[in-house]
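Here my numbering is used: the first residue of the sequence shown is -18, the next is one more, and so on.
Structure first, commentary second.
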Amino acid sequence: MSAAGPALSVIVPVYNGAAYLSEAVESALGNGYPDLEVLIVDDGSTDGSAAVAQSLVDRFPSQVRLLFHPDRRNHGVSAARNRGLEEAQGKWVGFLDADDRLLPGHFSASATVLEENRDIALVYGRMRRFYTPSGTGRQAPSEWGTGPGPGRVPDAFSRLLAGNFIPITAVVCRLESVRAVGGFDLGLSFAYEDYLLWTKLAYRERVFYTDRCTAEYRIHPASYSSNHIRDRWASVEELEYLRRVWQWVPAEDSSARQQLLDAEVEIGSRVLYRLYQALRRGNGRQAFREARNLLSLPHREQLLQVPSRWRRNRKASRTTTASMGVGAGL
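As structure tokens, then:
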């Protein structure tokens, strides 16, 4: 680390993650990019995470720092990451959850892109999932993170409106760019807190895809990805994400707002389909919730054509199936 400060700051929020914290931090320190600092932000842990973090500070005093919220209470992962952003000293910033791991070369490859391309605000790669049942690692074959090919991602803003394709652990951003858009919004769910930040960055600057696997995402019984009950709130989360993008994009940018309108119709279609399925199943509570979500859409009249589109799609599907000779005699 130079006298002027590190080139890269790695923010590691931790809440009751003592079991895996050391492994996560060591994967950052051993990533092959020495000019970095690791900021561990304890988010009100009660399981000894702070003690594990302090032991890492003692082992690596020139590279690891331990931060807390002023009240030492739990405020959520976005607030913890923002606390790290306040203290970060690097030109660039990476994000690493306390139960994940980074693969060698991630920081060096990302830093090279950011150093050579001033218009790039965000560099990302892919992340692969792995499972830890009962403390024993088992490699999962699936990877997450996509792009049209290595290099700048064309139309990243509109692509993100269609769905998130950027895994946070596989990201390195320009710190000044992240601060310029206000960091992480509070009050969003796990699945959308980073998604909104990527969308804001892509609206203002360029995004670069390295087309390589750069991180590992641990799935274990206590991890968020193991909690499938969150799926029932998908409509609320999608619409809140979209509402905040609407508020953020300037009213005079007619092109971006048309893209937002198209995204609203697509998301609204999914909400309408969930309402339809809930009614078919006789799930009155979900149907009421989805109907309330639909009423919250500012341009809900655009959804009047969606059911006819479903009918057209079903008719086209039946025609295609019949032409293939499938289903004869049914």
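Cβ atoms here follow ideal geometry from the backbone N, Cα and C, with glycine treated the same way.
Item	Value
Relative to the alpha-carbon of tyrosine 314, which residue among Asp78, Arg46 and Ala92 has its alpha-carbon at the smallest distance?	Here the chain has residues from -18 to 311 only, and residue 314 is not among them.
Report the three-state DSSP secondary structure of isoleucine 200 (helix, strand or coil).	strand
Just the C-alpha distance for serine 236 and aspartate 136, rounded to the nearest angstrom, thanks.	12 Å
Using a threshold of 8 Å, state whether the C-beta atoms of glycine 126 and tyrosine 112 are closer than that.	no
Of all the options Arg54, Asp52, Arg82 and Asp23, which has the alpha carbon lying nearest to the alpha carbon of arginine 46?	Asp23
Identify which residue in Leu156, Leu2, Gly163 and Ala232 has its Cα closest to the Cα of valine 38.	Leu2
How would you call glutamine 258, buried or exposed, if buried means at least 16 neighbouring beta carbons within 10 angstroms?	exposed
Could you check what DSSP says for serine 207 in three-state terms: helix, strand or coil?	Because the pLDDT at serine 207 is just 40, under 50, the model does not fix this residue reliably, and the point stays unresolved.
In three-state DSSP terms, what is serine 298?	Here the model assigns serine 298 a pLDDT of 43, short of 50, so the residue's position is not dependable and the matter cannot be decided.
Going by DSSP, name the residue or residues bridged to phenylalanine 189.	Val104 and Arg133
In the DSSP assignment, find the unbroken alpha helix (DSSP H) run with arginine 160 in it and report its ends.	156 to 161
Compute the Euclidean distance between the alpha carbons of arginine 107 and glutamate 219, then round it to the nearest angstrom.	23 Å
Compare the C-alpha of glycine 29 against each of Ile101, Arg133, Val(-5) and His87 and name the closest.	Val(-5)
Rounded to a whole number of angstroms, what is the C-alpha to C-alpha distance between arginine 225 and aspartate 166?	9 Å
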